[in-house]
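A.B. asks: Position one of the sequence shown corresponds to residue 12 (my numbering), numbered consecutively onward.
Quick reminder that beta carbons are idealized off the backbone N, C-alpha and C, glycines included.
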Amino acid sequence: MVILIGGSGYMGSAFAAELHKRQIPHQIVSRCTTDYTNFESLCRLLEKAKPSFLINAAGAVGKPNVDACELARSEAVLGNVVLPQLISNACDISGVPWAQVSSGCIYSGAKILSDGKVRIEKDLTLPHVRQIVDDSPSSVLGYSEDDSPNFSFRESPCSFYSGTKALGEEVISKAKQTYIWRLRIPFDEYDNDRNYLTKLQRYDRVYDNVNSISHRQDFVHACLDLWVSGANFGTYNVTNPGFVTSRQVVEMIQRNFKVRRAFKFWKDDEEFYRLAASAPRSNCVLDTTKLLATGVKMRPVEEAMEESLLRWSSAV
Ligand SMILES: NC(=O)c1ccc[n+]([C@@H]2O[C@H](COP(=O)([O-])OP(=O)(O)OC[C@H]3O[C@@H](n4cnc5c(N)ncnc54)[C@H](OP(=O)(O)O)[C@@H]3O)[C@@H](O)[C@H]2O)c1
């Protein structure tokens, strides 16, 4: 039996659906029925349910976006740092293996291969870097799980949200029997305020940048496959291999939906941060070699994106 914490949320509900589909017995735990943020009550739950695995899909994400965490700081620390630490302690005492849904937003930029050397570029909007992204995508390499976060409280600037996610990983980094599954900008075929494809269609102006992203169902599929296949515990970048620019995704939307309207873009970072955002945004490319080496399948990002647009449904 699997305990699913945060099963009411955007990612948690996708885990619940996949567990249901696979007929894996599970119990969804919500703060409104069991206060899993309280150590004693979480320990009591584990003692009673004796789960074989626990997934923590709970956390504090800023709504409507990460700027909200700049103000709701204690909520972000409690949800993204204290909660994983508390779950880790409870699972350790109870001997329950578990997984933390984390985020790739703890990095900025990508590694660029040039003249046989690899250098880090934290700002992928710089014209000379963007030219490499557009003209020579194979030279753009992602951060691996061995790279230290570079968009965190330890390496600023960062958003408060990203800072708490990096710290949340740090506090459980030595925990036994623990997976850290890094998600990045979820999207799928279901119209939803939280879906990257919905967001892009609704923005007055689009912020153009470069990112690795995760198809929501591909993500939960791959995560559960890691656990079911007995892959080594540890941290995994769980994104669809490759990366996309916002402009590429907008072009795919226009092509697939035969949208005539012209999408507007922010001119540059200066305009974006002056008029639309307060917290710095993480834009980054992640390397999925470690995930794929386990044998777990993840479609290339273009394929997952094209299929989501082909199957697009506003009904959900
Ligand atoms: N969505 C994204 O874009 C994204 C990207 C990368 C990583 N992530 C990570 O994925 C995890 C799930 O995100 P999500 O998008 O599914 O979030 P969500 O829709 O807001 O759901 C999160 C759930 O967490 C629980 N929760 C526990 N403590 C909380 C707190 N302090 N503040 C708010 N909710 C709290 C709530 O469930 P109950 O009240 O029912 O217990 C809530 O339904 C988070 O760790 C997030 O950082 C999300």
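Please list, in chain order, all residues of the same chain as Trp323 whose beta carbon is under 6 Å from its beta carbon, the five residues on each side excluded.
C.D. replies: These residues qualify, in order along the chain: Glu200.
A.B. asks: Can you tell me whether Ser125 is buried or exposed? The criterion is at least 16 other CB atoms within 10 Å of its CB, across all chains shown.
C.D. replies: Burial call: exposed.
A.B. asks: I want to check one thing, is the minimum distance from the CB of Lys210 to the heavy atoms of ligand 1 below 7 Å?
C.D. replies: Lys210 Cβ: outside cutoff for every heavy atom of ligand 1.
A.B. asks: Fully enclosed by the segment 147–209, which alpha helix (DSSP H) runs are 4 residues long or longer?
C.D. replies: If we require 4 residues or more, the alpha helix (DSSP H) runs fully inside the segment 147–209 come out as 171–183.
A.B. asks: For Gln142, does the count of other Cβ atoms within 10 angstroms reach 16, so buried, or fall short, so exposed?
C.D. replies: It counts as exposed.
A.B. asks: Within this structure, are the beta carbons of Pro168 and Pro291 separated by less than 8 Å?
C.D. replies: Yes, the Cβ-Cβ distance between Pro168 and Pro291 is below 8 Å.
A.B. asks: So Val13 is in the beta strand (DSSP E); what residue range does that whole segment cover?
C.D. replies: Looking at the DSSP string, the run of the beta strand (DSSP E) that includes Val13 is 13–16.
A.B. asks: Would you tell me roughly how many angstroms separate the C-alpha atoms of Met309 and Glu166, rounded to the nearest one?
C.D. replies: Roughly 30 Å separates the two Cα atoms.
A.B. asks: Let's test the definition: count the other Cβ atoms within 10 Å of the Cβ of Ile66 and tell me whether it reaches 16, buried, or not, exposed.
C.D. replies: Label assigned to Ile66: buried.
A.B. asks: Given Gln38, which residues of its chain have a CB within under 8 Å of its CB, disregarding the five upstream and five downstream residues?
C.D. replies: Answer for Gln38: Met12, Val13, Ile14, Leu15, Ala60, Pro62, listed in chain order.
A.B. asks: Could you name the residues of the same chain whose beta carbon sits closer than 8 Å to that of Val129, not counting the 5 residues immediately before and after it, in chain order?
C.D. replies: Within the same chain, Val129 has close Cβ partners Lys122, Ile123, Leu152.
A.B. asks: Tell me, to the nearest whole angstrom, how far the beta carbon of Gly115 is from that of Arg195; I am working on the premise that it is less than 8 Å.
C.D. replies: Sure, about 4 Å apart at Cβ, within 8 Å.
A.B. asks: Check the C-beta distance from Lys176 over to Ile117 and give it rounded, since I have them as a contact under 8 Å.
C.D. replies: Contact holds; Cβ gap of about 6 Å.
A.B. asks: Between Glu313 and the rest of its own chain, which residues show a CB-CB distance below 7 Å, the 5 nearest in sequence each way excluded?
C.D. replies: So the list reads Gly253, once near-sequence residues are dropped.
A.B. asks: Is any non-hydrogen atom of ligand 1 found closer than 7 Å to the C-beta of Ile183, if you look at the structure I gave you?
C.D. replies: Because no heavy atom of ligand 1 lies under 7 Å away, the Cβ of Ile183 does not count as near it: no.
A.B. asks: Let me know if Gln111 comes out buried or exposed under the rule of 16 or more other beta-carbons within 10 Å of its beta-carbon.
C.D. replies: With 16 or more Cβ atoms within 10 Å of its Cβ, Gln111 is classed as buried.
A.B. asks: What's the C-alpha gap between Tyr214 and Asn251?
C.D. replies: Their backbone Cα atoms lie some 24 Å apart in a straight line.
A.B. asks: So Thr189 and Phe244 are supposed to be a Cβ contact under 8 Å. How far apart are they, rounded?
C.D. replies: Correct: roughly 6 Å between the Cβ atoms.
A.B. asks: Which residues in the same chain have their Cβ closer than 6 Å to the Cβ of Leu53, if we skip the five residues on either side of it in sequence?
C.D. replies: If we look at Leu53 and ignore the five residues flanking it on each side, its Cβ neighbours are Tyr47, Ala101.
A.B. asks: Ignoring anything shorter than 3 residues, give me the beta strand (DSSP E) runs that lie fully in the segment 25–97, in order along the chain.
C.D. replies: As far as the segment 25–97 is concerned, its whole beta strand (DSSP E) runs of at least 3 residues are 37–40, 64–67.
A.B. asks: Could you check if Asn206 is buried or exposed, using at least 16 other CB atoms within 10 Å of its CB as the buried criterion?
C.D. replies: Buried: at least 16 other Cβ atoms inside 10 Å.
A.B. asks: Output needed for Ser289: all residues of its chain with C-beta closer than 7 Å, excluding positions within five of it in sequence on either side, in chain order.
C.D. replies: Only Asp78, Glu81 meet the Cβ criterion.
A.B. asks: Among Tyr218, Gly17, Gly73, which residue has its Cα nearest to the Cα of Glu281?
C.D. replies: Comparing Cα positions, the closest option is Tyr218.
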